[in-house]
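Step one of this worksheet: look at the structure below.
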Amino acid sequence: MDNRQHSQNEEIMKREWRFAKVAELANLLRFNYTWVIKRYEEAAGCFLEINDSRAFSSYLNAIKVILEKGNIEKGVQSCVQYGYKCQQKLCDAQHAVKLYGKADELSDKHNLSHTCVMNHFDRNKYGGDVYDVFDERFDLFAGTALMRTKN
Numbered sequence: 000m001d002n003r004q005h006s007q008n009e010e011i012m013k014r015e016w017r018f019a020k021v022a023e024l025a026n027l028l029r030f031n032y033t034w035v036i037k038r039y040e041e042a043a044g045c046f047l048e049i050n051d052s053r054a055f056s057s058y059l060n061a062i063k064v065i066l067e068k069g070n071i072e073k074g075v076q077s078c079v080q081y082g083y084k085c086q087q088k089l090c091d092a093q094h095a096v097k098l099y100g101k102a103d104e105l106s107d108k109h110n111l112s113h114t115c116v117m118n119h120f121d122r123n124k125y126g127g128d129v130y131d132v133f134d135e136r137f138d139l140f141a142g143t144a145l146m147r148t149k150n
């Protein structure tokens, strides 16, 4: 890592720290919870910029605030969205699976059902090879199933 990249990472870490501290303080002072959540999301975004898995902790803090307000459906939705971001940006199935598992746990506990209507598919990514699509989706499914059986 060169000096320029190191300074950029340091600046991103400072921004993350500010967002996280502002969120913590705002939550203690009972600011509007959507504002607090946004600050945690911004902190997570800073970590994602430098591929740092600490984004996961910021996302958990945001989910905690959502659930404390009793917004279970939003909590489930956020678990899935944040899990997807961790999976895509960090290439880390472990954090994604934990967040997806939390979504399942909340859904089961509160008897919520869900059918996903969101599914991003970029045909160009696969160059028309349907087997590449199958392999990638199967690997994701198998990894998720394996992680869930371990927990």
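For the sequence shown, numbering that gives the first Met the number 0 assigns the number 0 to the initial residue and increments by one for each residue that follows. No residue lacks a Cβ here, since even glycine has one placed at the ideal position from N, Cα and C. Since the model is a prediction, treat every value here as computed from it, not as a measurement.
Residue of the options minimising C-alpha distance to residue i
i: residue 60; options: 112, 34, 103 and 111; result: 34
i: residue 64; options: 83, 32, 9 and 99; result: 32
i: residue 9; options: 36, 87, 110 and 45; result: 45
i: residue 68; options: 103, 49, 36 and 56; result: 36
Rounded straight-line distance, which links the Cα of residue j to that of residue i
i: residue 66; j: residue 101; result: 12 Å
i: residue 39; j: residue 74; result: 14 Å
i: residue 51; j: residue 90; result: 11 Å
i: residue 110; j: residue 54; result: 29 Å
i: residue 41; j: residue 62; result: 14 Å
Reduced DSSP category for residue i - H, G, I as helix; E, B as strand; rest coil
i: residue 90; result: coil
i: residue 116; result: With a pLDDT of only 48 at residue 116, under the threshold of 50, the placement of this residue in the model should not be trusted; the figure read from the coordinates follows. Coil, per DSSP.
i: residue 69; result: coil
With 16 other Cβ atoms within 10 Å as the buried cut-off, status of residue i
i: residue 112; result: exposed
i: residue 86; result: buried
Cβ pair residue i, residue j closer than 8 Å
i: residue 71; j: residue 105; result: yes
i: residue 95; j: residue 83; result: yes
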